Amino acid sequence: MIGDNIHPVFDKIKDRKSKEIYLKQRAKVIWFTGLSGSGKTTLASALEKRLFELNYFCQILDGDNVRSGINKNLKFTAEDRIENIRRIAEVSKLFMNCGIILICAFISPTNKIREMAREIIGDEDYLEVFVNTPLEVCENRDPKGLYKKARAGEIKNFTGISAPFEAPSHPFVEIDNSNPKIDETVKELLKAIIPEIKFDPLKEL
Numbered sequence: 018m019i020g021d022n023i024h025p026v027f028d029k030i031k032d033r034k035s036k037e038i039y040l041k042q043r044a045k046v047i048w049f050t051g052l053s054g055s056g057k058t059t060l061a062s063a064l065e066k067r068l069f070e071l072n073y074f075c076q077i078l079d080g081d082n083v084r085s086g087i088n089k090n091l092k093f094t095a096e097d098r099i100e101n102i103r104r105i106a107e108v109s110k111l112f113m114n115c116g117i118i119l120i121c122a123f124i125s126p127t128n129k130i131r132e133m134a135r136e137i138i139g140d141e142d143y144l145e146v147f148v149n150t151p152l153e154v155c156e157n158r159d160p161k162g163l164y165k166k167a168r169a170g171e172i173k174n175f176t177g178i179s180a181p182f183e184a185p186s187h188p189f190v191e192i193d194n195s196n197p198k199i200d201e202t203v204k205e206l207l208k209a210i211i212p213e214i215k216f217d218p219l220k221e222l
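For the sequence shown, the positions run 18 to 222 when our numbering is used.
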């Protein structure tokens, strides 16, 4: 509930559709979810690069980047994980209202957390990409050494080891990234995503 002294001005600023027309694209949030080490950030970065080459204006929000700034006061308790994703979803919505395509890469480990993000962003604007890389593959990669620390008890509440990860039941796209083929995977993503973000002036005007 909005407090008595809070007065949003969304109705007084230039609307989202006007900005989408200006940018010639439809704003969406492409939400990558998966275990640490599954390849979310790598794929998100490759997708952003390809979309930029196709003249789409995007912004990436990534877990480590967000937690080093706007969410640096949050820990990894169940409550703080929820707040982390709530803030990200709200920020994503603000970007989207500017006509920008958001590419989000967050573990977002539970159905409850992802459903909250979907509700904030809006069902038709939330495109969930499940990077379905098995735990053993992620742990063998361990690019940041986090699984090793988690197994040693140095990191508490680590997803996949001491905290759960719930696989999405109906993602927009599901990717098996056990044997990464980045170019092929990005092509698969583009095939699904382009129809959602493509600007059609006959429909929009």
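Here a beta-carbon is modelled for each residue, glycine too, at the ideal position from N, C-alpha and C. Source: prediction; values computed, not measured.
- In the pairwise beta carbon analysis, the segment 184 to 194 is classified as not touching the segment 77 to 88: fewer than three pairs are separated by under 8 Å.
- Taking a cut-off of 8 Å on C-beta distances, the segment 117 to 125 touches the segment 45 to 61, as three or more cross pairs fall below it.
- Beta-bridge partners assigned by DSSP to Leu78: Cys121.
- Selection Lys110, Arg98, Leu207 evaluated against Asp140 yields Lys110 as nearest (Cα-Cα).
- Taking the C-beta atoms as reference points, Ile214 is found nearer than 8 Å to Arg43.
- For Leu144 against Ile105, the beta-carbon gap comes to about 15 Å, at or over 8 Å, which does not count as contact.
- Taken in chain order, the complete alpha helix (DSSP H) segments of 4 or more residues contained in the segment 132 to 180 are 152 to 158, 163 to 168.
- The alpha-carbon separation between Glu132 and Phe147 amounts to approximately 14 Å.
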